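Each residue of the sequence shown is one higher than the one before, counting from 100 in the working numbering.
Remarks on the structure that follows.
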Amino acid sequence: MEKSLVINVNPLETRIAVLEDGRLAELMIEREENPSVVGNIYRGRVDSVLPGIQAAFIDIGTDKNGFLYVSDIAGAEGTGDIELVDGMPRAKTRAKRARQQPIETMLKRDQHIMVQVVKDRLGTKGPRLTNFITLPGRFLVLMPTVKTLGISRKIESEKDRERIKRILKELRPPGLGLITRTAGAGQSREEFKKDVDYLNTNWERVRTKFETGRGPALLREDLGPILRIVRDQFTEEFDRLVVDDENEYDRICSFLDHFAPHLRGRAKLHKSRQPLFEKMGIEEEIAKALRRKVFLKSGGHICIDQTEALIAIDVNTGKFTGKKGLEETVFQTNIEAADEVARQVRLRDMGGIIVIDFIDMEITANRRTLMKKFTDALKKDRARFTVSEVSELGMIEMTRKRVKHNLIKALSQPCPYCEGSGMVRSVTTMTFDTLRRLQSLFYRTKEQQLILQVHNDVARRLQTENKPLLDLLLEKFDRTLTVEAVDSFHIHDVRLLRARNRREIALEDFAKGIMDPD
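And the structure:
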């Protein structure tokens, strides 16, 4: 499989895409107006302790306090497998830590504590914090607050795992923890030692700042989005890295010269006048990722619907009829959909409960094949997930922990008309509603001549098939009304004007049937 890291830079935002065999697999967006602080380490002050939810608000010197759960306060030790996502550890000991002593006995108001951001602020919520500090390197992650020795689960060779474990025991600084990243597979002792020395030096700087400082403050700022991605993801698996900004290209090359010189030759500068994302077909892929319906090559499609409780994905054969009978047609559609569903889950960074309604299959062996195909496709995902077996009805339930902000939420906002439901009132409903509002208004005013501005389709209905109703209403109240179609109006938009001066009657007053005074 060919993998590419493609980076588009402009003054307002940075977009980083991962392509697999030319198709968009992941997209990360960081905007200048809302930069990520994930990975930053702070000297925090306990602002308040909440025993009822076993959490605390921590003042980190920003405009919004951070949130710290009791399970994210250091105090557990152990040795074992730990997965890493973007340099942040996912330890298996969270349940044990949750059974620690109550938070009110661990933290007191105005106490200072070192914390690190693991999730950016979202809406009115402040950033999510942890006291399990991590300093990521190229091959290792230093964890100063625990004595853990861990190896990424994705390093599968038992021989290499044992070798790495022996090296870590020799190199580990006293009292500190070390975790091997996936990129550490097969690396030499010398490479690990370089990482340990570099990370330990950084930790001493952070520790000194914490001990000598006063009040909430930033102790260490993580790398910017581009170098962070290069550090955390750009490994031997990637065939190339392409960036369209010369300054960032120079910074990337300098970083690779120091940390991964063998990958330096894979970095390329895009010099064409044609925009990079457009040339590589990424803009089109992003547009498709915002749509509800995703089409399959066979003619089938999947529909993705997000609710408060879960995300539902429905698989349909669509135009695909097959050549060997219904079961074979369904099987082929499901197999193709399995790959696409896994890609969309990862690309859109879906989180929480996800239910995939594959088309029901009669043959048990086909259901087993589908399950294997789907789980294999999910292995490319960096996020933590669990998957259930295929049910008798062809459904698969899974849970997934988001790696970043959901793509839909990052690139869109709820529709002000449908409020996210995806539905708006029909032309018929809006036509009848407008007639009712006019009738209510006529009871309350003596204004004789009015102008009604509405959406094109509503205007057409009022001027054709529903014109008799409008004429009857105008005759009953002895009024004249001119209907104007406005191209720019949404289906819900309605505006009423006085004909004598074209002064607008406020929409809310029209809705209530109340006239503005002259």
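Glycine is no exception: its CB is placed at the ideal position from the N, C-alpha and C atoms.
All of these numbers come straight from a predicted model, not from anything done at the bench.
State the start and end residues of the unbroken alpha helix (DSSP H) segment that holds residue i.
{"i": "C402", "result": "Run containing C402: none in the alpha helix (DSSP H); it sits in the beta strand (DSSP E), 400-405."}
{"i": "D438", "result": "425-446"}
{"i": "T311", "result": "288-311"}
{"i": "T92", "result": "Look at the range of the chain in this structure, 100 to 617, and you will see that residue 92 is not part of it."}
{"i": "I128", "result": "I128 -> not in any alpha helix (DSSP H); beta strand (DSSP E) instead, spanning 122-130."}
{"i": "D146", "result": "No alpha helix (DSSP H) holds D146; the beta strand (DSSP E) holding it covers 140-149."}
{"i": "S55", "result": "Not covered by the structure: residue 55. The range shown for the chain is 100 to 617."}
{"i": "L389", "result": "L389 -> no alpha helix (DSSP H), and no H or E assigned at all."}
{"i": "N555", "result": "555-562"}
{"i": "E203", "result": "202-205"}
{"i": "L375", "result": "375-378"}
{"i": "A509", "result": "506-510"}
Nearest to residue i by CA position, among the options, is which residue?
{"i": "S251", "options": "P243, F238, E336", "result": "F238"}
{"i": "K472", "options": "G451, V523, I495", "result": "I495"}
{"i": "K218", "options": "G323, L569, R501", "result": "R501"}
{"i": "L375", "options": "N107, D158, A482", "result": "N107"}
{"i": "D259", "options": "K246, R271, K253, G285", "result": "G285"}
{"i": "P235", "options": "I254, T281, E257", "result": "T281"}
{"i": "T88", "options": "A558, G364, I604, E347", "result": "This structure cannot speak to residue 88, because the chain is shown only from 100 to 617."}
{"i": "N139", "options": "N230, R208, I401, V329", "result": "N230"}
{"i": "G312", "options": "Q512, R144, K253", "result": "R144"}
{"i": "I254", "options": "G283, K268, E383", "result": "G283"}
{"i": "L318", "options": "W302, V329, K503, Q332", "result": "W302"}
{"i": "D418", "options": "G424, L395, I403, C402", "result": "According to the sequence provided, residue 418 is Lys. The question's Asp does not apply to it. For K418, the nearest C-alpha among the options comes from L395."}
{"i": "M460", "options": "T544, I328, I434, G450", "result": "I434"}
Using the C-alpha atoms, what's the distance from residue j back to residue i?
{"i": "P567", "j": "D532", "result": "16 Å"}
{"i": "Q153", "j": "E125", "result": "35 Å"}
{"i": "V240", "j": "L298", "result": "8 Å"}
{"i": "K293", "j": "T307", "result": "22 Å"}
{"i": "I278", "j": "L248", "result": "6 Å"}
{"i": "Q405", "j": "T463", "result": "30 Å"}
{"i": "G274", "j": "V245", "result": "7 Å"}
{"i": "T398", "j": "T428", "result": "Reading off the sequence shown, one finds Gly at residue 398, where the question assumed Thr. So the alpha carbons of these two residues sit roughly 11 Å apart."}
{"i": "S170", "j": "I157", "result": "15 Å"}
{"i": "V295", "j": "L477", "result": "32 Å"}
{"i": "F354", "j": "E335", "result": "16 Å"}
{"i": "L149", "j": "R220", "result": "19 Å"}
{"i": "G160", "j": "V137", "result": "15 Å"}
{"i": "K392", "j": "E101", "result": "27 Å"}
{"i": "N586", "j": "R560", "result": "Before going further, note that residue 586 is Asp rather than Asn in the sequence given. Looking at the two C-alpha atoms, the distance is approximately 15 Å."}
{"i": "F333", "j": "H589", "result": "46 Å"}
State buried or exposed for residue i, treating a residue as buried only when at least 16 other CB atoms are found within 10 Å of its CB.
{"i": "E290", "result": "buried"}
{"i": "M522", "result": "exposed"}
{"i": "S256", "result": "exposed"}
{"i": "N600", "result": "exposed"}
{"i": "E129", "result": "buried"}
{"i": "E439", "result": "buried"}
{"i": "N133", "result": "exposed"}
{"i": "N109", "result": "exposed"}
{"i": "S525", "result": "exposed"}
Shorter than 7 Å, the distance from the beta carbon of residue i to the closest heavy atom of the ligand HEM, or not?
{"i": "L318", "result": "For the ligand HEM, the structure offers nothing, since it holds no ligand at all."}
Following the continuous beta strand (DSSP E) through residue i, name the residue where it begins and the one where it ends.
{"i": "F394", "result": "392-394"}
{"i": "I458", "result": "It is not in any beta strand (DSSP E) - I458 carries neither H nor E in the DSSP assignment."}
{"i": "V414", "result": "410-415"}
{"i": "L595", "result": "593-597"}
{"i": "E574", "result": "First-last for E574: 566-576, but that is the alpha helix (DSSP H), not the beta strand (DSSP E)."}
Exercise. Which runs of the beta strand (DSSP E) fall wholly inside the stretch 212-298 and span at least 3 residues, in chain order?
Worked result: Within the stretch 212-298, the complete beta strand (DSSP E) segments at least 3 residues long are 227-229, 239-242, 248-250, 276-279, listed from N- to C-terminus.
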